[in-house]
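Per my numbering, the very first residue in the sequence shown carries number 4; after that it's consecutive.
These notes concern the structure reproduced below.
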Amino acid sequence: MGVTNIKGDIAELAVAKKFLELGFWVSKPFGDDAPYDLIIDVNGIFKRIQVKHLKPARNVLLFRLYSATGVS
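Structure below.
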């Protein structure tokens with residue numbers, strides 16, 4: 004496992020932990036082929052989360068949230 008993978012795993016865990024602390028249910032898809040890293044349950048609506056980058060600063064986790072909707 005490379006350093007990039009370890010950094011990504013740490014970022015995913017930190018984001019999942021924060022969502023859990025905020026009271027959301029968090030799920031992780033089985034395997035590595037899903038187009039998202041986490042799923043959170045927001046009042047019965049499932050939101051897919053893709054974690055790309057995490058920047059720790061003074062005991063605070065900084066991460067940007069984006070929303071994308073695809074229409075076919």
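Quick reminder that beta carbons are idealized off the backbone N, C-alpha and C, glycines included.
Exercise. Excluding five sequence neighbours on each side, which residues of the same chain lie with their C-beta closer than 7 Å to the C-beta of E15?
Worked result: D40, L41, V54
Exercise. D35 by DSSP, collapsed to three states: which one?
Worked result: coil
Problem set entry | Nonlocal neighbours in the same chain, by C-beta distance under 7 Å from N8, ignoring five residues either side | none
For this session: Between the Cα of K31 and those of L25, K21, E24, I43, spot the shortest distance and give me the residue it belongs to.
Result: I43
Problem set entry | Buried versus exposed call for A37 [16 or more other C-beta atoms within 10 Å across all chains shown] | exposed
Exercise. Under the rule that 16 or more other beta-carbon atoms within 10 Å means buried, what is K19, buried or exposed?
Worked result: Note on residue identity: the sequence assigns Ala, not Lys, to residue 19. Looking at its Cβ environment, which holds 16 or more other Cβ atoms inside 10 Å, A19 is buried.
For this session: Would you tell me roughly how many angstroms separate the C-alpha atoms of K50 and L57, rounded to the nearest one?
Result: 19 Å
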